[in-house]
Each structure stands twice: as structure tokens, then as C-alpha cells.
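Chemist:
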Amino acid sequence: MTIEKILDKVKENNPKANFDLIKRAYVFAEKAHQGQKRNSGEDYIIHTLHTAYNLAEIKLNSTTIAAGLLHDVLEDTEITKKELEKEFGKEIAFLVEGVSKLGKIKYRGTERQVENFRKLFLATGKNIRVILIRLFDRLHNLETLNYQPPEKQKRIALESLEIYAPLAYRLGIGELKGQIEDLSFPYVFPDEYKKLINQVKDKYEEREKYLKKIKSVIIKKLRKEDIQPIEIQSRSKHYYSLWQKLKRYDNDLDKIYDLVALRIIVKDVEECYQTLGVIHKLWKPLPGRIKDYIALPKPNGYQSLHTTVFCIDGRIIEFQIKTKAMHKDAEFGIAAHWYYSEQKGLKAFLKKKITKAPEDELDWVKQLKDWQKETKDFSADRYLESLKIDFFSNRIFVFTPKGDVISLPENATPVDFAYAIHTDIGNHCHQARVNNKIARLEQPLQNSDIVEIIVNKNRKPSKDWFRFIKSGLSRTRIKRFFKTELEAWRKKRATTDKIRIRKERKETTVAKPQITVKKKTKILVAGQTGISINIAKCCSPSAKSQIKAYITKSHEASIHKADCENLKRAQKKWPQKIIEATWIEK
Ligand code: MN
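The working numbering puts the first residue of the sequence shown at -19, with every later residue one more than the last.
1) Assuming H410 and I434 are in contact, meaning their beta carbons sit under 8 Å apart, how far apart are those beta carbons, in whole angstroms?
2) Quick one: what's got a C-beta closer than 7 Å to Q323's C-beta in the same chain, skipping five residues either side?
3) Is it right to say P381 is buried, meaning 16 or more other beta carbons lie within 10 angstroms of its own, or is it exposed?
4) Going along the chain, which residues of its own chain have a beta-carbon closer than 6 Å to the beta-carbon of I(-14), five neighbours each way excluded?
5) Output needed for Y184: all residues of its chain with C-beta closer than 8 Å, excluding positions within five of it in sequence on either side, in chain order.
6) How would the residue list near the ligand MN read, in chain order, if you kept each one whose beta-carbon is closer than 6 Å to any heavy atom?
7) Please report the distance separating the alpha-carbon of I297 from that of F97.
8) Between F312 and Q16, what straight-line distance do the alpha-carbon atoms span, to the nearest angstrom?
9) I'd like to confirm the pairing. Which residues does DSSP put opposite K302 in its beta bridges?
10) Three-state secondary structure (DSSP) at Y219?
11) Between E71 and the rest of its own chain, which residues show a CB-CB distance below 7 Å, the 5 nearest in sequence each way excluded?
12) Since E65 is in the beta strand (DSSP E), which residue starts that stretch and which ends it?
13) Where G21 and N391 are concerned, what is the direct C-alpha to C-alpha distance, given to the nearest angstrom?
14) In this structure, does DSSP put Q411 in helix, strand or coil?
15) Tell me where the alpha helix (DSSP H) around H30 begins and ends.
16) Relative to the C-alpha of I136, which residue among L115, L191, I503 is closest?
17) Hey, F162 and H218 are a contact pair by Cβ (cut 8 Å); roughly how many whole angstroms apart?
18) Which of helix, strand or coil does DSSP assign to L421?
19) Check W563 in the structure and name its three-state DSSP category.
20) Helix, strand or coil for L330? Go by DSSP, reduced to three states.
21) Going by Cα to Cα distance, which pick from I45, N416, L54, T(-18) is closest to H574?
22) Over what stretch of residues does the beta strand (DSSP E) that includes R375 continue unbroken?
23) Return the first residue and the last residue of the beta strand (DSSP E) that L202 is part of.
24) In three-state DSSP terms, what is P166?
25) Among the candidates L151, K201, K175, whose CA atom is the shortest distance from the CA of Q347?
26) Can you name the start and end residues of the beta strand (DSSP E) that L388 belongs to?
27) Need the endpoints of the beta strand (DSSP E) that I515 sits in, please.
28) For I430 and N407, I'd like the C-alpha separation in whole angstroms.
29) Are I515 and I539 close, meaning C-beta to C-beta below 8 Å?
30) For Q526, is the classification buried or exposed, using 16 other Cβ atoms within 10 angstroms of its Cβ as the cut-off for buried?
31) State buried or exposed for D117, treating a residue as buried only when at least 16 other CB atoms are found within 10 Å of its CB.
32) Measuring only the C-alpha atoms, how far is S359 from I212?
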């Protein structure tokens, strides 16, 4: 990696960039790190060059690229923030200081890790570019992780899996998330990694061959409809996400339809839908697996049409259809939307609202800031736990009736939703309506549910809520409510006589309701929920039976025992209508 390579990249992406600034940053960093070596034996500057190159590649502005080059001078050389500020101005000094870790002496172990995160997120709240520099810094550290001692390898890889990869995802840089995970995977789960590679090697090759065949068929058909695809690529699933998925599918590779998917890139949105039509005319789609992320983008900005079809020889294949711009967005995430800002000025850019992204960005930063505030007094362990659950665990995205997106941890309930909107709404949350139907307050929400909270000013939080709430923020807010109530009660006690207090005490202990937890069973059809289901009367499968689904004319899934005679007969006649199904316990 060289500075020339970076400058070429910048020239290509952003001819109006401040090349002088980038060169000056390079000269300064090179001098500061002179004589320092990485564990690999390479000059230290190579590391910062890699970091800066990746920032240039996702089209970030000159200031950020310069800060990328300088990102380790405060932590690893004698340079002070003052000097940096004098030489390069406040913003660059801030960015570099933001990614620098704290001194090693003051904190140790988990506490040090947590203090570093607090500091990193505080800086990110003020300038989100801090986190992007940090992510690419981490990417290169992972690429050279084999030069570190084993203990450090594992620690860094685990932290990357748990925190940095989900961060990249939330910023919409899906490709970076996949890279971080795949680089960390062999260090954190070495045996599982080896096993997976052995298991999929042939499958990947075989699948690729098959897709070549499909590719030529689809190109011909598209041309007939006057669609010239810009590119058709077969895209193999990243190993780590494949491994995660396999764990949910009994380790059965045949159930993973997107092991290798075909990605079709076309000119515009209209052609995306036309292409979808062409594919569905050719091959029957699987019900419940057509996803229109163009009309309804994922909350991290991802756009594309997905469909899974019964392809040649009855094999099940996933297609992803998108425009070139959508493809770039998925690679560059939030940064793709800043591209124009250097020429036009960020404020003008935000005002015009050319895209939705800057608002999302601010929203994300707002959540981060709120969360930082709420966790201010948390112990190191609790902070990490909350970080993983509230911020980066598998998230679901649900909607307010107005269409605003609220992000919650998996299995979050209407109460979590209410607290995510506002403490007062949480505290007085009385009833919930999910997709226009009255729902229990403890009902786990699903992706893209529309949730409405009915408040009642006389309603108060119940201790029973602790049993089912999922987000740490709800927990903190409910606890705070009880604390305030207790304080108010103590005050009152100080001014009333003793007899009356005894009575009140009695009342509070009696009022506690006993609620039994009902286990609810649900069924996944081809890995999906949300498909209408009926249980076949001929064999009435129970929760213990192995099951399969038969897709009816009205697109419902009729659930049979896997060995049901009726099902077997149907399978002979219409094998494409039989789909795998599994019970999930909630
Ligand atoms: Mn670094």
C-alpha cells in the first residue's frame, strides 16, 4: 500500500478533493511513526495507509482520509493533540483523538475496554466519521491478526464479532460487516470454522456451476424483454453468516437457499420490477419469500428485490435484483450519501434532503447519545451486556402508525416499544395494538409489525413487566419509576401517622398478581413466519411431530406430519408444493 494508490483512488472518486491536505497528513504521519514497526515487520505507516485507502474507497472526504492517515499518532507517538490541531485544524485533531484509546495505566481488563467504548461512542456522537475510521483501523488489524499472540488474537476477534461487525451493519456497510466477521470467525471458533469450510467447499463449487447455467437462461429472457442487465454476479454467502444460519436450520445445507445467490444489476427501478416479473414467469416463486426492499428499504438503508424460486430441475434459488446505485449503497452504507457533500457543502445537502440517509444518520447518533446517557452509571460488565443486547444484538424493526421505524432487540414487546418512544408513554402504557389488532403487552413483536400504544394516565408500570421486557433501557426506566415512587412514598410516610402506613403496606403486598406463562408455539415455513398456516386434520401434527408444509392454491401453508400419507401422495404429484417447516417455541 502506498500514498500514490490512495491519491489515485481519491482522484477517481472525488476529483475536487483537497489533495494537498492528504499529502501533508501522509508526510506528517510518516515522520511521526518513523522507525516503528508492526508485528508483521512492516513499517507502521503501512497500517495507517490501509486504513486511509479504505476510507477513500467508500468516498469519504479529504478530512476523514487525512485523519485516517494520522489516526495513530496520538496513541503511538510523541505528537500531542495541540500540535495536531495547530497543523491540521480542529476537526482532524478531534477525529484522531476520538479514535485514540485511553492510557493503559489508568484502567485494566474489561474496565479498560468499556472506558474505551464510552470514549469512542462519545466522540462518535459528535462526529460519526470517528466510528468509520475506527472500523477500517480494525479491519486492517484483523487482516494482520496472525502476527499477534494467540490470547490477543482471540480477544480482538471476539470483540470484532460482538461489537464492530454489528456496528458496520447498523451503518449500512454490509460488505464490511461480512469481512469483519469472516476474518474473526477462525480465531473465535477455530474448529467450527474448519468443519464448515470442509462441509461447504464442494457445495459452493457445484452451486456456482449450476448458476452459470441459470445465468445464460435469464440473460436470454431479459434481452427478449429489452432489458440489458449491467451485471449478473453469483454471490456466495459469507462464511460466518452461513454458519449462524446453519445453526438455525439443523445444520442442513439444503435448507439454505441463498448459499450462492444470483445478483442481477439493472439500469433503474422500473427494470428491477420488470426483471422480477421475467423471473416469476420463468419459475414459480416460493410463497412468503418475495421481499420488496425497494418500496420498503431495510432501516439500515438496504434496497433490493429478493425472490426465491423453484428453478431448473426443481432446485431452489434466491435472486437479488437491484440498480447500480443500490448496489453501491450496500457496499458503502452511510458514506455513500456523503459523497456529494464535499462539493456542495453538508448543510445544503441536508437541507435539500436528497436522500433519506442523513436523517437516519442523525437518528442513529441520537440513539447512541441517549444510550450513552442511560448507561452512564453502569458497571463495566453491565455496560458491555447492554451494549450487546440493546445496541447490537439481532434487531427487529417495527413501525409506528405514522411509519417511523423503531429498532428494538429481538423478541422485544410492546412495552419495550413504548419506552423506546418515550418514558412517559412507557410509564402509562395501557394497551397495545399490533397490526391493528389488540395485543397483549408481553407479546413478542415481529419485524415490520405496526405498533400502536394506548396510554392511560392512571396506568403505572407493573413489576410483572420485568418478566418479559427485553431492552435494558426499558428495565432502567421502569426501575427509575419505582425508585421515584418509593421516594415519594417515604416522604409521605414521614408526614402521616404510623397506622395508616401499615394499611398501605398491606395493600401493596396484596396487589401483586400471579400470572402464569403460557408457551406459544409457532411454525416456520421455509424459515419464514408470517405465512397463513392451517394444521391438517388428516394427521393433526402435534408440537412433537416432524412436519412439512403443503402450499395450497390460496397460498396458505397446510401443516402435515412429515410421514402423512396424504402428504406423500401430494409430494409425488406436486413436489414443488411441499416445503420444509419447523416448530419454533416462543
Ligand atoms: Mn490503528
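We put the CB at the ideal spot given by N, CA and C, even for glycine.
What you are looking at is a predicted structure, and each value in this text was computed from that prediction instead of being measured.
Modeler: Let me spell this out:
1) 5 Å
2) Model confidence at Q323 stands at a pLDDT of 41, short of 50, so the residue's coordinates are unreliable and nothing is read from them.
3) exposed
4) A32, Y33, A36
5) S216, L239, V240
6) H27, H51, D52, D117
7) 41 Å
8) 32 Å
9) I245
10) helix
11) T43
12) Not the beta strand (DSSP E): E65 falls in the alpha helix (DSSP H), residues 61 to 68.
13) 47 Å
14) strand
15) 25 to 37
16) L115
17) The sequence shown places Asp at residue 162, not Phe. Confirmed, Cβ separation roughly 5 Å.
18) coil
19) strand
20) Bear in mind that the predicted position of L330 carries a pLDDT of just 40, short of 50, making it too unreliable to give a figure here.
21) What is shown of the chain runs -19 to 566, which leaves residue 574 out entirely.
22) 375 to 379
23) Per DSSP, L202 belongs to no beta strand (DSSP E); it is in the alpha helix (DSSP H), 170 to 204.
24) helix
25) L151
26) 385 to 389
27) 513 to 515
28) 20 Å
29) yes
30) exposed
31) buried
32) 50 Å
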